[in-house]
Every structure is written in C-alpha cells, then in structure tokens.
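Just so we're aligned, residue 1063 is where the sequence shown starts under this note's numbering, counting upward by one.
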Amino acid sequence: MSILVTGGAGYIGSHTVIELIEAGYDVLIADNFYNSSPKVIDRLQQITGKSVQFCLCDVCDEKQVDNLFSRHKDIDCVIHFAAYKAVGESVEKPLEYYSNNIGGAMCILRAMKKHGVKNFVFSSSATVYGQPEKIPCDESCPAGSATNPYGWTKVMQEQILRDICAADKEMNVAILRYFNPIGAHPSGLIGEDPNGIPNNLLPYVAQAAIGKFDSVRVFGDDYPTADGTGVRDYIHVVDLAKGHVAAVRKLYTNCGIVTYNLGTGKGYSVFQVIEAFEKACGKKLKRSILPRRAGDIAENYADPSKAKAELGWQAQYDINDMCRDAWNWQSKNPNGYKE
Ligand code: UFG
1063 MSILVTGGAG YIGSHTVIEL IEAGYDVLIA DNFYNSSPKV IDRLQQITGK
1113 SVQFCLCDVC DEKQVDNLFS RHKDIDCVIH FAAYKAVGES VEKPLEYYSN
1163 NIGGAMCILR AMKKHGVKNF VFSSSATVYG QPEKIPCDES CPAGSATNPY
1213 GWTKVMQEQI LRDICAADKE MNVAILRYFN PIGAHPSGLI GEDPNGIPNN
1263 LLPYVAQAAI GKFDSVRVFG DDYPTADGTG VRDYIHVVDL AKGHVAAVRK
1313 LYTNCGIVTY NLGTGKGYSV FQVIEAFEKA CGKKLKRSIL PRRAGDIAEN
1363 YADPSKAKAE LGWQAQYDIN DMCRDAWNWQ SKNPNGYKE
C-alpha cells in the first residue's frame, strides 16, 4: 500500500514525505517542478537514507494522472499538495488559479474514483475563515468566505469534497486548514524557496538577514494588536508535516470526512517574529514601516484542540525553534535550490 503525494517536492510536501517515510509508509511523489526543484528528491534521499519514488506528472493532465494510477496499483491514499499558492498573483491571474487548483484536484479525484482509491488529504488554509468570527478560531467558525481567488479555490474545493463524501460513503477525506507554516527541516537540506521577492513574512525576513534586502517590510503598525502589527499562528513545517501523518492514520479508520485546524494555538506579531529571528541569526534587522497590505486581517490564530483530541497531534516546536531552523536552511542555501 502506498501514498501518492502530489506536489511532494514542494515546501510542505517535501517535509511531509520525510515524516511519512519515517513513519514507515511507502511514498510516491508526483510533481512537475513548477514551483520546486528536482534537487529536492536527492535531498530527501539523503535525509531518509532511502530511495524515494518519484514520477514527473502534471496533475492537470488527465492522461498522465490516469497512467500514474494504472502503473501504481498499490496507491491507496493521496495527499494533494500540488497547487498555486500566492495570494497576490491569484488576484492578477484568477483563471490560472481556478484552472490549476480546482482542475488539478478534479483530475486527481476522477482518477481516484476510476481506480477505487478512497483516501484523500486536502491542503486547505485558515484563509477559508476570512475575518474569523472568533479568535482563537475553531473548526465550527463559519468558513465560506475569501478575499482573493486563491482563497476561493480552497473554499470551493472544501465544498466539492463535502459533496463527494455525501455521495460516496466509502470516501475518507481529511481537510487540513493550515495556519502559517514556517521553518525548515533541522538538517538544513530542505526548506522554503520562493520565486522572486517573497510574499510571506518569514522568507522575507530570512532573505533580509542574509543581505538580500536592506530592511524588513512591516505591513502596518496601527492594527488593534498589542504592538500594532499583524498577529498570526506560525507553525513549524515539521509539525505540520507530522499532522499529515496523523491525518492519514485517521483516514485508515474509515472516518468519512473530517476537518482540522493545524496551528499551535499561539499568536505572534510581526515585531515578535522579527525579534525571534534576530535572536536566531545573531544580528539586528532594520525595519521599514509601510502601510497595511490590502486584504490582511489584524489577527488570527487557531484553536487546535480538535486535532489534539481526535488525531493525537499537537505542535511541538516554538517560535525560536522555527526561526533557528529557517536560518539554518537560509544560511546554508542562500539561493535556495538555485546554484
Ligand atoms: N507581513 C509583513 N511583511 C512582509 C510580509 C508579511 O509585515 O513582508 C505581515 C502581514 O501583513 C501579516 C503577517 O506578516 O500580518 C503574515 O503575513 P504572511 O504573508 O506571511 O502570511 P498571511 O497570514 O498573510 O498568509 C498566509 C499564507 C496564505 C494563507 C494564510 C492563511 O500565505 O496562503 O496564511 O491564514 F491563506
């Protein structure tokens, strides 16, 4: 029995592959390296000491996906990471986002139906809560709004999965709503490698720390939070990866459709993150206070107690661990996977 990991060479996918292999699962990665590098596969082999099965595949290509399932009859679960994820880009390119994110998931789900595969883990996001009704935000908070096409692809796919599970009682689906994954594998061999100027806070801070930027941009210091900057629930990517292993175990109990927040339950402000990173890298970072970024909310952090109760999963790493591992990755790989 093996687990197909689409987008398994990507940031969260690659960390999840390690945790799955270490938990004893057979894994097959499908990726087209749209936003990742073939080097990841070598590094995964280096970290795990095992040969990692890989298939070059575009999840939007029906024939390629069907071939993959035909050749690998042992697949009995899919973890679907392969998707576009940049909020700003999705506003510029809505058609590409809906086609790729929804089209890719539909293609995989059709192949699963044809080949009788019944277990699916979906990468959703805290973005589905929009402006959350309450904070900390639990899974009962209304989750049907978004402020950008990327977010809408997550909202829509969640609904599609609920409809599929209502029609097929043998399907098991885990919808995982990620908060803000940061950090890197402690080996420093894999980590986040965004294209161009990073959109997210942590990669921007890490690149400022190696001298690629003069200062860290702070989008707004006039929010109604303790220090005026935005507050988020940052979670170590290794903890997030372990959450996927716990979700797979849950699927194998024939649980039907389940939804979990994956976060730590703690919120940190932009200033607190910068301070933790300064501690990790041993230098002071200049800050540029800019206006608020359109679409940002003041604060959001998870109530992760449902995942703890039902999956037996809980984040272990704190913000200092996250920054230490992010710095270890960034300083060892100043240009990410590029030469
Ligand atoms: N921020 C800065 N400077 C930057 C980048 C971000 O001050 O250079 C601030 C933002 O204003 C926000 C916080 O840092 O207050 C976190 O911003 P990120 O861009 O790192 O993360 P977001 O919370 O905006 O978005 C992330 C993912 C989305 C996902 C969302 C779910 O990028 O894909 O979490 O809550 F939808």
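A virtual CB, placed ideally from N, CA and C, is assigned to each residue, including glycine.
Using a Cβ-Cβ cutoff of less than 6 Å, which residues in the same chain neighbour tyrosine 1191 once the five nearest sequence positions on both sides are dropped? On the sequence shown, residue 1191 is found 129 positions in, with the first residue counted as 1. Once the five neighbours on either side are set aside, the close Cβ partners of tyrosine 1191 are Cys1199, Cys1203, Ala1205.
Per DSSP, tyrosine 1296 is paired with what? Residue mapping note: residue 1296 aligns to position 234 of the sequence shown, counting from 1. Answer is Asn1242.
Glycine 1292 and aspartate 1284 - do their beta-carbons sit closer together than 8 Å? By one-based count along the sequence shown, residue 1284 stands at place 222. By one-based count along the sequence shown, residue 1292 stands at place 230. Against a cut-off of 8 Å, the Cβ pair of glycine 1292 and aspartate 1284 comes out as no contact.
Considering Cα atoms alone, identify which of Ala1271, Pro1194, Tyr1087, Asn1129 is closest to tryptophan 1391. Locating residue 1391 in the sequence shown gives position 329, counting from the first residue. Comparing Cα-Cα distances from tryptophan 1391 to each of Ala1271, Pro1194, Tyr1087, Asn1129, the minimum goes to Ala1271.
What first and last residue would you give for the beta strand (DSSP E) that runs through phenylalanine 1131? In the sequence shown, the residue the question calls residue 1131 occupies position 69. Counting along the chain, phenylalanine 1131 falls outside any beta strand (DSSP E), though it belongs to the alpha helix (DSSP H) covering 1124-1133.
Let me make sure I understand the geometry here. Which of Val1217, Asp1123, Val1140, Ile1164 has the alpha-carbon closest to that of valine 1089? Numbered from its first residue, the sequence shown carries residue 1089 at position 27. For valine 1089, the closest alpha carbon among the candidates Val1217, Asp1123, Val1140, Ile1164 is that of Val1140.
Is the distance from the Cβ of alanine 1377 to the Cβ of threonine 1326 below 8 Å? One-based indexing of the sequence shown puts residue 1377 at position 315. One-based indexing of the sequence shown puts residue 1326 at position 264. Yes, the pair counts as a contact, with Cβ atoms nearer than the cut-off.
Isoleucine 1164 versus glycine 1398: straight-line alpha-carbon distance, rounded: The residue labelled residue 1164 in the question sits at position 102 within the sequence shown. The residue labelled residue 1398 in the question sits at position 336 within the sequence shown. Going from the Cα of isoleucine 1164 to the Cα of glycine 1398 covers about 28 Å.
Any idea what DSSP makes of isoleucine 1074, helix, strand or coil? Mapped onto the sequence shown, residue 1074 falls at position 12. Correct three-state label for isoleucine 1074: helix.
Who does phenylalanine 1095 pair with in a DSSP beta bridge? Along the sequence shown, read from residue 1 onward, the residue named residue 1095 stands at position 33. Answer by DSSP bridge pairing: none, since phenylalanine 1095 is not bridged.
In this structure, does DSSP put cysteine 1385 in helix, strand or coil? For the purposes of this step, residue 1385 is taken as residue 323 along the sequence shown, with counting starting at 1. In this structure, cysteine 1385 counts as helix in the three-state DSSP scheme.
Cβ separation of lysine 1328 and aspartate 1295, assumed to be a contact under 8 Å, to the nearest whole Å: Here the question's residue 1328 lines up with position 266 in the sequence shown. Here the question's residue 1295 lines up with position 233 in the sequence shown. Confirmed, Cβ separation roughly 7 Å.
Specify whether the segment 1330-1339 and the segment 1111-1121 touch according to this definition: at least 3 beta carbon pairs, one from each stretch, less than 8 Å apart. Counting Cβ pairs under 8 Å, fewer than three are found: no touch.
Does any heavy atom of the ligand UFG sit closer than 7 Å to the C-beta of serine 1187? Position 125 of the sequence shown holds residue 1187. Answer for serine 1187: yes, Cβ within range of the ligand UFG.
Counting along the chain, where does the alpha helix (DSSP H) carrying tyrosine 1159 start and finish? Your numbering for residue 1159 matches position 97 in the sequence shown. Start and end: 1156-1159.
Opening and closing residue of the alpha helix (DSSP H) in which histidine 1142 lies: Residue mapping note: residue 1142 aligns to position 80 of the sequence shown, counting from 1. It is not in any alpha helix (DSSP H) - histidine 1142 instead sits in the beta strand (DSSP E) that spans 1137-1142.
Which residue from Arg1386, Ala1360, Leu1352 puts its Cα closest to that of alanine 1268? By 1-based counting over the sequence shown, the position of residue 1268 is 206. Here the closest residue by C-alpha is Arg1386.
Length of the line joining the Cα atoms of phenylalanine 1241 and glycine 1344: Here the question's residue 1241 lines up with position 179 in the sequence shown. Here the question's residue 1344 lines up with position 282 in the sequence shown. The straight-line gap from Cα to Cα measures roughly 27 Å.
For glycine 1245, which residues of its own chain have a beta-carbon under 6 Å away from its beta-carbon, when the five flanking residues on both sides are left out? Residue numbering aside, residue 1245 sits at position 183 when the sequence shown is read from its first letter. Excluding residues within five positions, the ones whose Cβ falls inside 6 Å are His1298, Val1299, Met1384, Asp1387, Ala1388.
For the ligand UFG, is there a heavy atom less than 7 Å away from the beta-carbon of tyrosine 1266? By one-based count along the sequence shown, residue 1266 stands at place 204. Distance from the C-beta of tyrosine 1266 to the nearest heavy atom of the ligand UFG is below 7 Å.
Nearest to alanine 1092 by alpha carbon, out of Asp1104, Ala1071, Ile1319? Residue numbering aside, residue 1092 sits at position 30 when the sequence shown is read from its first letter. For alanine 1092, the nearest C-alpha among the options comes from Ala1071.
Which one of Lys1304, Asn1382, Lys1370, Met1233 has the shortest CA to CA distance from arginine 1172? Counted from its first residue, the sequence shown places residue 1172 at position 110. The option with the nearest alpha carbon to arginine 1172 is Met1233.
Paired residues, beta bridge with aspartate 1088 - DSSP: Within the sequence shown, residue 1088 is the residue found at index 26, counting from 1. BP columns for aspartate 1088 point to Ser1064.
7 Å CB neighbourhood of isoleucine 1351 in its chain, flanking five on each side removed: Stepping through the sequence shown from its first residue, residue 1351 is reached at position 289. Correct list, in chain order: Val1280, Asp1283.
May I ask which residues mark the beginning and end of the beta strand (DSSP E) holding valine 1121? Your numbering for residue 1121 matches position 59 in the sequence shown. Looking at the DSSP string, valine 1121 is not in any beta strand (DSSP E), and its letter there is neither H nor E.
Is any non-hydrogen atom of the ligand UFG found closer than 7 Å to the C-beta of aspartate 1301, if you look at the structure I gave you? Translated into the one-based positions of the sequence shown, residue 1301 becomes position 239. For the ligand UFG, not one heavy atom lies less than 7 Å from the Cβ of aspartate 1301.
In its own chain, which residues sit with a C-beta less than 6 Å from the C-beta of proline 1260, not counting the 5 before and 5 after it? Translated into the one-based positions of the sequence shown, residue 1260 becomes position 198. Cβ within range, chain order: Tyr1266.
From what residue to what residue does the alpha helix (DSSP H) around arginine 1349 run? Translated into the one-based positions of the sequence shown, residue 1349 becomes position 287. It is not in any alpha helix (DSSP H) - arginine 1349 instead sits in the beta strand (DSSP E) that spans 1349-1352.
Within 10 angstroms of the Cβ of alanine 1356, are there 16 or more other Cβ atoms? Answer buried if so, exposed if not. Reading the sequence shown from its first residue, position 294 is the one you call residue 1356. With a threshold of 16 other beta carbon atoms within 10 Å, alanine 1356 falls short and is exposed.
Could you check whether the Cβ of lysine 1180 sits closer than 7 Å to any heavy atom belonging to the ligand UFG? Position 118 of the sequence shown, counting from 1, holds the residue named residue 1180. No, the Cβ of lysine 1180 stays beyond 7 Å of every heavy atom of the ligand UFG.
Where do the ends of the beta strand (DSSP E) carrying valine 1183 lie? Numbered from its first residue, the sequence shown carries residue 1183 at position 121. Note, valine 1183: beta strand (DSSP E), 1181-1187.
Within the present structure, is the beta-carbon of lysine 1155 separated from the nearest heavy atom of the ligand UFG by less than 7 Å? Counted from its first residue, the sequence shown places residue 1155 at position 93. Not one heavy atom of the ligand UFG is found less than 7 Å from the C-beta of lysine 1155.
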